[in-house]
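Visitor: Chains as they are written, first to last, in numbering that gives the first Met the number 0: chain A, 0 to 268; chain B, 0 to 268; chain C, 0 to 310; chain D, 0 to 310. The beta-carbon is built from N, C-alpha and C at its ideal position, and this holds for glycine as well. Dropping the structure in here first, questions after.
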Amino acid sequence: MPLDVSATVVRNLDLGHGNFLMDFEAPEAFAAMQPAQFFMIGVPGAEVLLRRPFSVCGLPGTFEDSAPSTVQILYRVLGKGTSLLAGLRPGATVHVLGPLGRGFGAPRRPEAVPVIVAGGIGSAPFPALIARLRGGFHEPIVLYGARTAGELPLLDWFRANASELWVTTEDGSLGQRGLVTDPLAELLARRAARLHVYACGPTPMLKAVARLAVRHEVPCELSLEAPMACGFGVCLGCVVPTREPGSDRIRYERVCVEGPVMAAERLAW
Amino acid sequence: MPLDVSATVVRNLDLGHGNFLMDFEAPEAFAAMQPAQFFMIGVPGAEVLLRRPFSVCGLPGTFEDSAPSTVQILYRVLGKGTSLLAGLRPGATVHVLGPLGRGFGAPRRPEAVPVIVAGGIGSAPFPALIARLRGGFHEPIVLYGARTAGELPLLDWFRANASELWVTTEDGSLGQRGLVTDPLAELLARRAARLHVYACGPTPMLKAVARLAVRHEVPCELSLEAPMACGFGVCLGCVVPTREPGSDRIRYERVCVEGPVMAAERLAW
Amino acid sequence: MVIPDLTVEVGAVRLKNPILTASGTFGYGLEFLPYYDLGELGGLVTKGLSLRPRLGNPPERICETPAGMLNAIGLQNIGVEAFLTEKLPELRRYDTAIVANVFGETEAEYETLCRRLDGAPGLAAIELNVSCPNTEAGGMYFGNDPAALARVTRACRRATRLPLWVKLSPNAADLVGAARAAEEEGADALTLVNTFVGMAVDVERRRPRLANVTGGLSGPAIRPLAVHMTWQVARAVRIPVVGMGGIMTARDALEFLMVGAVAVQVGTANFVRPRAAVEILRDLEAWLAAHAIGSVREVVGSMESTDEGQP
Amino acid sequence: MVIPDLTVEVGAVRLKNPILTASGTFGYGLEFLPYYDLGELGGLVTKGLSLRPRLGNPPERICETPAGMLNAIGLQNIGVEAFLTEKLPELRRYDTAIVANVFGETEAEYETLCRRLDGAPGLAAIELNVSCPNTEAGGMYFGNDPAALARVTRACRRATRLPLWVKLSPNAADLVGAARAAEEEGADALTLVNTFVGMAVDVERRRPRLANVTGGLSGPAIRPLAVHMTWQVARAVRIPVVGMGGIMTARDALEFLMVGAVAVQVGTANFVRPRAAVEILRDLEAWLAAHAIGSVREVVGSMESTDEGQP
Ligand SMILES: Cc1cc2nc3c(=O)[nH]c(=O)nc-3n(C[C@H](O)[C@H](O)[C@H](O)COP(=O)(O)OP(=O)(O)OC[C@H]3O[C@@H](n4cnc5c(N)ncnc54)[C@H](O)[C@@H]3O)c2cc1C
Ligand SMILES: Cc1cc2nc3c(=O)[nH]c(=O)nc-3n(C[C@H](O)[C@H](O)[C@H](O)COP(=O)(O)OP(=O)(O)OC[C@H]3O[C@@H](n4cnc5c(N)ncnc54)[C@H](O)[C@@H]3O)c2cc1C
Ligand SMILES: Cc1cc2nc3c(=O)[nH]c(=O)nc-3n(C[C@H](O)[C@H](O)[C@H](O)COP(=O)(O)O)c2cc1C
Ligand SMILES: Cc1cc2nc3c(=O)[nH]c(=O)nc-3n(C[C@H](O)[C@H](O)[C@H](O)COP(=O)(O)O)c2cc1C
Ligand code: FES
Ligand code: FES
């Protein structure tokens with residue numbers, strides 16, 4: 000049951016390169032969110048009309064230096080909405096609606112090895128996911144890619160919290176030069192059998208991840224993005240084309256309700 | 000020559016009852032402003048489109064506890080624009096265009112006694128005026144009225160800086176019960192000859208002041224209010240009907256350029 | 000402190016209060032159950048229903064604009080049958096007026112829809128969407144041509160005994176003509192406005208921001224235009240008018256009521272604050288009480304004004 | 000880094016860049032001298048001029064609305080004679096295209112105005128305001144009726160050899176019809192949009208916020224509507240189109256250029272930031288340079304799109 004609350008910003012950490020980590024006071028119910036569920040967040044009195052969607056990044060316990068009464072979002076400044084967020088100081092109020100949507104599921108088999116594919120700011124939902132997975136004794140492999148080194152805001156956190164981390168940049172400024180799907184292809188070729196893929200990032204990346212996973216018949220959950228007006232299923236603005244398994248009939252499903260996490264094979268991109 | 004600057008808020012003092020005194024860093028040119036000249040002030044990224052007009056309240060030296068590099072505005076929260084201002088903290092940026100309009104003039108005769116008639120938040124332009132008048136060895140009489148005691152934000156300042164102060168409230172919660180025009184009528188009846196009236200406040204008050212002054216043939220300058228889109232003479236949105244002396248022909252003059260200070264006898268209300 | 004009477008009558012439809020929610024911004028109603036009891040509303044209008052389910056437009060379907068948004072949903076809906084079997088039985092458990100918004104691609108489809116809904120238990124009225132700017136099927140054609148609008152209204156009038164509300168398009172060449180045409184053919188009420196045709200360009204990609212190129216503009220941006228049109232229409236017809244367009248607060252709702260609307264619909268605001276409609280209702284009641292106004296009906300059409308000034 | 004070529008041609012009028020300032024938002028131009036050299040602009044359009052000076056409407060004349068404003072100035076102006084003797088001689092010292100915006104109450108007045116301006120040294124073009132929504136005299140009548148618009152265009156065409164721009168009303172029942180009528184009668188260019196008729200209510204006083212009751216809506220709120228209309232008209236006529244409506248940034252200007260306008264006018268933005276027009280120009284130049292576009296003419300009409308989607 001989503002709550003609509005006025006929340007106080009506790010911290011709004013500038014991570015550099017336009018990336019910010021915001022802590023805000025959260026009602027207790029938020030602590031039970033699934034990773035990749037999201038909030039619709041609005042800034043009172045600001046010149047944008049609609050709220051903006053942001054994944055939950057950290058839940059109580061995820062980030063050591065965050066107060067246990069807070070949850071975190073990680074965001075990148077792109078346009079007006081995110082600039083407004085970046086301008087907020089501790090003590091400011093934000094309007095937060097959540098939890099919304101369906102998040103990542105647990106791996107179906109106990110021996111599964113989760114592979115996390117994170118593209119740039121698309122890494123946002125993964126700290127919460129990793130915390131959950133480790134609670135269930137899954138040690139995930141993290142593949143973290145971006146165009147350039149500055150677009151890897153969670154690098155340090157992944158270094159400290161992922162048992163295996165592969166980094167790629169398109170310009171070679173950090174890690175392996177290339178796309179994050181390169182190490183994924185390698186992994187899938189070597190040991191597809193036990194993998195369970197979780198991916199979030201730009202749509203072209205997700206499409207490539209989905210193709211690879213479907214080809215290797217590996218379970219694959221994607222956290223999608225779409226422009227959203229409401230975030231709770233009533234505007235029909237956020238749809239993606241999907242296909243029922245075994246059918247060719249296309250339909251439009253809502254990223255905000257049936258997603259943002261969808262199984263790779265369901266998408267009719 | 001007006002300047003359009005991004006200014007830093009240095010202080011935004013809550014005076015209670017919805018009244019605020021804001022200090023912002025000012026270019027040197029602002030120090031030479033005439034009392035009752037004004038600024039058009041905007042808050043970047045906010046949901047109001049147009050800037051809002053505010054009189055200069057304090058110039059360097061007017062308020063002892065303000066930094067000499069700042070100027071002050073005194074404002075009352077009415078709607079969205081002023082609420083946004085009230086939410087700003089030191090360090091925030093405001094867009095400031097000024098100085099605009101024509102301010103109060105010096106009394107024409109050296110022996111003139113200035114009478115200041117201030118209605119509520121209409122007291123804003125008077126600290127700067129009083130500082131100027133005293134520099135010119137004029138000791139003004141201040142008549143300060145409002146509906147109720149809470150709407151007299153400059154009471155302490157006037158107490159400290161006016162040689163003679165009369166206070167009225169409509170509900171009798173402070174000073175004499177009644178309208179600020181009551182003591183004005185008394186003053187004019189007793190010793191109109193040497194008085195020079197300066198007034199700012201709600202339009203009905205200004206009309207009453209103008210009637211009294213014109214009847215007693217006392218020089219009277221009114222600082223007017225009008226909704227303004229531009230503040231520098233190009234939208235023609237802020238006009239008031241005026242009459243050329245000795246003529247019956249009505250014309251519309253711009254409060255932002257030909258005013259905000261206008262001679263009482265010029266107005267064709 | 001008086002407790003104001005909030006009831007209003009839209010023709011034969013008695014509403015417990017003048018706040019309804021607008022078609023396409025409220026899903027099928029049930030999506031709002033986490034946020035409030037639907038029985039608090041004066042009424043709700045469903046997403047536009049067609050004879051058969053509709054897929055709608057490909058994405059991108061929406062984009063934000065200054066104080067507004069463009070949408071080109073393409074009238075995606077589950078179809079009238081699924082509405083009657085899956086949604087209406089649930090909805091009618093709530094004590095509120097349920098209005099079915101319908102659209103067809105032909106006069107005959109409109110007529111069939113109205114006939115199909117005619118006996119439906121729990122339905123308070125039918126709202127004809129003759130004005131959706133997104134698709135020809137959505138009725139641009141009907142809403143824009145007073146003669147076509149008259150025909151479709153007449154056909155629907157024959158097809159149902161339910162109160163018939165005609166929702167006018169602000170894009171109509173002759174809004175007042177359209178309003179009068181609908182009135183003459185037996186509409187019980189007029190609702191307005193639907194969205195204004197607009198577009199936005201993604202300058203980096205040099206292409207329209209919406210896959211459909213154009214979309215319908217809604218939200219506070221259109222409010223001054225919608226208030227004006229509501230005023231024009233309310234003065235031109237005798238049947239009740241329900242106003243909408245950019246209502247975010249009780250004050251905004253009062254603007255529409257004062258220019259002559261007997262009730263209002265809340266649209267885009269539902270997206271921004273899921274509880275918007277009931278917050279507006281609560282603030283409206285408080286405003287009336289603070290002004291010692293005994294009934295909301297006293298403010299309807301209460302704006303003082305001479306005729307439209309033309310100096 | 001390429002230095003982009005900013006010159007554009009609006010028919011025979013060659014502009015050093017595509018940024019003009021819009022009538023009624025730029026005074027007589029000289030008011031902006033404290034803020035920048037008018038020679039930086041592609042052109043400027045004067046406040047609407049009439050044969051005789053006009054007093055205008057009583058206050059309140061303006062009010063703010065979400066992302067926009069309503070105005071009912073009532074076409075206050077100093078009259079064409081004062082413009083010619085007091086303003087034009089000053090203005091023409093600046094190297095920019097000066098466009099005189101005119102309006103009349105009758106066809107004959109329009110014609111007389113054009114004849115009077117015909118020989119005026121330093122004037123680049125005449126813009127006919129046939130679309131001001133505030134006053135009947137302002138041209139609601141002419142702009143709304145393609146036949147009347149055709150007649151007034153024809154009369155003006157005969158009266159002057161200056162390039163004739165016709166400024167279209169977004170309130171016209173048939174915008175494309177009006178555009179074609181003006182083109183056929185010899186307009187050299189079309190400019191659009193003027194303001195949209197709107198109104199706002201002061202709910203505390205229960206009266207219209209503007210003394211004139213209705214006013215014209217301008218500002219960012221109308222941009223999606225204006226971009227759409229500019230796109231429609233640019234595709235319907237062969238003469239050049241100058242777009243406007245809510246342009247606040249270079250990106251906004253690019254939207255109009257990409258849908259087919261060869262130049263744009265900046266209106267309400269001048270009130271908010273006196274240097275808006277030259278800031279937009281500077282940002283436009285930087286955007287073109289950053290995208291390695293050699294001439295602004297390359298972006299005109301460059302939006303990819305199929306025909307208007309209607310799924
Ligand atoms: C379910 C969900 C979860 C999300 N979680 C996060 C998150 O945790 N952290 C985060 O930073 N973002 C997240 N996003 C994306 C985020 O919502 C957008 O970046 C944000 O809405 C942009 O708002 P804005 O007002 O700043 O930009 P806008 O003004 O809306 O857009 C500004 C410019 O950026 C472009 N733009 C907008 N969105 C994108 C995009 N996604 N990619 C590339 N260009 C874009 C626009 O075309 C425009 O040119 C999420 C989105 C969804 C749907
Ligand atoms: C030359 C000039 C100098 C000014 N100097 C000052 C100053 O020094 N300090 C100061 O506080 N104000 C001053 N004002 C008035 C100030 O500009 C307005 O109060 C302000 O613009 C209100 O903006 P807002 O967005 O908060 O309210 P809006 O959203 O514009 O209005 C909110 C509500 O308040 C009402 N309202 C708006 N203005 C007034 C008013 N003047 N009186 C009563 N109701 C009103 C509106 O009708 C509306 O209902 C000055 C005005 C002018 C023209
Ligand atoms: C996303 C969206 C979908 C809409 N769908 C419909 C619809 O199916 N039928 C209809 O008659 N109006 C539809 N409308 C129009 C609204 O009912 C309303 O007339 C319009 O949005 C103006 O009100 P607002 O500004 O309060 O949103 C839709 C509006 C939006 C924003
Ligand atoms: C205060 C004001 C006065 C205007 N006066 C005129 C006018 O005299 N003649 C005219 O053709 N248009 C006039 N306009 C319309 C503008 O030129 C322009 O078409 C409109 O405002 C849309 O552009 P914008 O949204 O950038 O302001 C006026 C607009 C405003 C806001
Ligand atoms: S964002 Fe509104 S339905 Fe998904
Ligand atoms: S405020 Fe624009 S002319 Fe005075």
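1. Whose C-alpha, out of R222/C, A275/C and V265/C, is nearest the C-alpha of T64/D?
2. With DSSP run on the structure shown, which of helix, strand or coil describes G176/D?
3. Can the beta-carbon of A225/D be found less than 9 Å from the beta-carbon of G245/D?
4. Between R160/D, R206/D, G214/D and T229/D, which has its C-alpha nearest V175/D's C-alpha?
5. Can you give me the C-alpha to C-alpha distance between H227/C and M204/B, rounded to a whole angstrom?
6. Listed by chain order, which residues have C-beta atoms less than 5 Å from any heavy atom of ligand 1?
7. Under a criterion of Cβ closer than 7 Å to any non-hydrogen atom of ligand 6, which residues qualify, in chain order?
8. Just to confirm, are L183/A and L142/A a CB contact at a threshold of 9 Å?
9. When the Cα of V202/B is compared with those of V95/B, S68/B, V254/B and L58/B, which residue comes out closest?
10. Which value, in whole angstroms, describes the spacing of the CA atoms of I249/B and V165/D?
11. I want to verify the contact list: residues of chain A whose CB lies under 9 Å from the CB of A45/B, in sequence order.
12. Would you check whether ligand 2 has a heavy atom nearer than 8 Å to the C-beta of D173/D?
13. Between the region 182–190 of chain D and the region 155–165 of chain D, do three or more beta carbon pairs fall short of 8 Å?
14. Could you name the residues that DSSP lists as bridge partners for I125/C?
15. How many Å lie between L377/D and G230/B at the Cα?
16. Between the C-alpha atoms of P34/A and C56/A, what's the straight-line distance to the nearest angstrom?
17. Among the candidates V256/B, R133/B and L194/B, whose CA atom is the shortest distance from the CA of S222/B?
18. Check whether the Cβ of F37/B lies closer than 9 Å to any Cβ atom in chain D.
19. Among S22/C, L5/C and V7/C, whose alpha-carbon lies nearest the alpha-carbon of Q264/C?
20. Just verifying my parser: in three-state terms, what is the DSSP assignment at H94/A?
21. For G69/A, does the three-state DSSP call read helix, strand or coil?
22. Cβ-heavy atom distance between T95/C and ligand 3 below 8 Å?
23. Flag V226/C as yes when its Cβ comes closer than 8 Å to any non-hydrogen atom of ligand 8, and as no otherwise.
24. According to DSSP, what are the bridge partners of D3/B?
25. Can you pull the chain B residues whose beta carbon is under 8 Å from the beta carbon of G86/A, in chain order?
26. Give a yes or no on contact between the region 68–77 of chain B and the region 111–131 of chain B, applying the rule of three or more CB pairs nearer than 8 Å.
27. Name, going along the chain, the residues of the region 182–211 of chain C whose beta-carbon falls closer than 8 Å to a beta-carbon of chain A.
28. At what residue ranges does the region 38–93 of chain C contain a whole run of the alpha helix (DSSP H), taking only runs of 4 or more?
29. Which residues mark the beginning and the end of the alpha helix (DSSP H) in which F125/B is found?
30. Can G214/D and T267/D be called in contact, C-beta distance under 9 Å?
31. Looking only at C-alpha atoms, which of V179/B, A161/B and N160/B sits nearest to E169/B?
32. Can a CB atom of chain C be found closer than 9 Å to the CB of E8/D?
33. Assuming D94/C and S294/C make a contact with CB atoms under 8 Å, what is their CB distance in whole Å?
34. According to DSSP, simplified to helix, strand and coil, what is H290/D?
35. Of the choices A177/D, I125/D and A171/D, whose alpha-carbon is the least far from that of A149/D?
36. Comparing the C-beta of L69/D with each C-beta of chain C, is any distance below 9 Å?
Guide: Well, looking at it:
1. Against the fourth sequence, residue 64/D aligns to sequence position 65. For T64/D, the closest alpha carbon among the candidates R222/C, A275/C and V265/C is that of R222/C.
2. Taking the first residue of the fourth sequence as 1, we reach residue 176/D at position 177. Looking at G176/D - three-state DSSP - the assignment turns out to be helix.
3. Numbered from its first residue, the fourth sequence carries residue 225/D at position 226. Numbered from its first residue, the fourth sequence carries residue 245/D at position 246. Taking 9 Å as the cut-off, the beta carbon of A225/D is found closer than this to the beta carbon of G245/D.
4. Residue numbering aside, residue 175/D sits at position 176 when the fourth sequence is read from its first letter. Closest by alpha carbon: T229/D.
5. Here residue 227/C corresponds to residue number 228 of the third sequence, with the count starting at 1. Here residue 204/B corresponds to residue number 205 of the second sequence, with the count starting at 1. It is roughly 34 Å from the alpha-carbon of H227/C to the alpha-carbon of M204/B.
6. For ligand 1, the selected residues are F37/A, R51/A, P52/A, F53/A, S54/A, Y74/A, R75/A, L77/A, G78/A, K79/A, G80/A, T81/A, I120/A, A123/A, E224/A and P259/A.
7. The filter returns M227/B, A228/B, C229/B, G230/B, F231/B, G232/B, V233/B, C234/B, L235/B, G236/B, C237/B, R253/B, V254/B, C255/B, V256/B and F270/D, in chain order.
8. Translated into the one-based positions of the first sequence, residue 183/A becomes position 184. Translated into the one-based positions of the first sequence, residue 142/A becomes position 143. Yes. Within cutoff.
9. If you number the second sequence from 1, residue 202/B lands on position 203. The displayed chain sequence assigns Thr, not Val, to residue 202/B. In this structure, V254/B is the residue among V95/B, S68/B, V254/B and L58/B with its C-alpha nearest to the C-alpha of T202/B.
10. On the second sequence, position 250 is the one that residue 249/B refers to. On the fourth sequence, position 166 is the one that residue 165/D refers to. As the crow flies, the alpha-carbon of I249/B is around 33 Å from that of V165/D.
11. Translated into the one-based positions of the second sequence, residue 45/B becomes position 46. The answer, in chain order, is G44, A45 and E46.
12. In the fourth sequence, residue 173/D corresponds to position 174, counting from 1. Not one heavy atom of ligand 2 is found less than 8 Å from the C-beta of D173/D.
13. Verdict: yes, contact present.
14. Counting from 1 along the third sequence, the entry for residue 125/C is found at position 126. In the DSSP assignment, I125/C forms a beta bridge with A99/C and L163/C.
15. A query on residue 377/D cannot be resolved here, the shown segment of chain D reaching from 0 to 310 and no further.
16. Reading the first sequence from its first residue, position 35 is the one you call residue 34/A. Reading the first sequence from its first residue, position 57 is the one you call residue 56/A. In this structure, the straight-line span from the alpha carbon of P34/A to that of C56/A is close to 8 Å.
17. On the second sequence, position 223 is the one that residue 222/B refers to. Comparing Cα positions, the closest option is V256/B.
18. Start at 1 with the first residue of the second sequence, and residue 37/B comes out as number 38. No, F37/B does not count as interfacial toward chain D.
19. In the third sequence, residue 264/C corresponds to position 265, counting from 1. Closest by alpha carbon: S22/C.
20. Taking the first residue of the first sequence as position 1, residue 94/A is located at position 95. Collapsing the DSSP output to three states places H94/A in a strand.
21. The count along the first sequence starts at 1 and reaches residue 69/A at position 70. Contrary to the premise, residue 69/A reads as Thr rather than Gly in this sequence. In the structure shown, T69/A sits in a strand (DSSP, three-state: E or B).
22. Here residue 95/C refers to the residue found at position 96 of the third sequence. For T95/C, the Cβ stays outside the 8 Å cut-off from all heavy atoms of ligand 3.
23. The ligand content of the structure shown is limited to ligand 1, ligand 2, ligand 3, ligand 4, ligand 5 and ligand 6, which means ligand 8 is not among them.
24. Position 4 of the second sequence, counted from the first residue, corresponds to residue 3/B. Answer is L96/B, bridged to D3/B.
25. In the first sequence, residue 86/A corresponds to position 87, counting from 1. Against chain B, the beta carbon of G86/A has neighbours under 8 Å at G44, listed in chain order.
26. Output reads yes: the region 111–131 of chain B touches the region 68–77 of chain B.
27. So nothing in the stretch comes that close.
28. Runs found: 78–81 and 87–90.
29. Taking the second sequence and counting its residues from 1, one reaches residue 125/B at position 126. From DSSP, the alpha helix (DSSP H) with F125/B extends over F125 to G134.
30. Start at 1 with the first residue of the fourth sequence, and residue 214/D comes out as number 215. Start at 1 with the first residue of the fourth sequence, and residue 267/D comes out as number 268. Taking a C-beta distance under 9 Å as the contact criterion, G214/D and T267/D do not qualify as a contact pair.
31. Within the second sequence, the letter at position 170 stands for residue 169/B. Nearest C-alpha to E169/B: V179/B.
32. Along the fourth sequence, one-based indexing puts residue 8/D at 9. When Cβ-Cβ separations below 9 Å define contact, E8/D makes no contact with chain C.
33. Locating residue 94/C in the third sequence gives position 95, where the first residue counts as 1. Locating residue 294/C in the third sequence gives position 295, where the first residue counts as 1. The pair is not a contact, with the Cβ atoms about 20 Å apart (cut-off 8 Å).
34. What you label residue 290/D is simply residue 291 of the fourth sequence in a count that begins at 1. H290/D: coil per DSSP, three-state reduction.
35. Counting from 1 along the fourth sequence, the entry for residue 149/D is found at position 150. Among A177/D, I125/D and A171/D, the Cα nearest to that of A149/D belongs to A177/D.
36. The residue labelled residue 69/D in the question sits at position 70 within the fourth sequence. True, the Cβ-Cβ gap to chain C drops below 9 Å.
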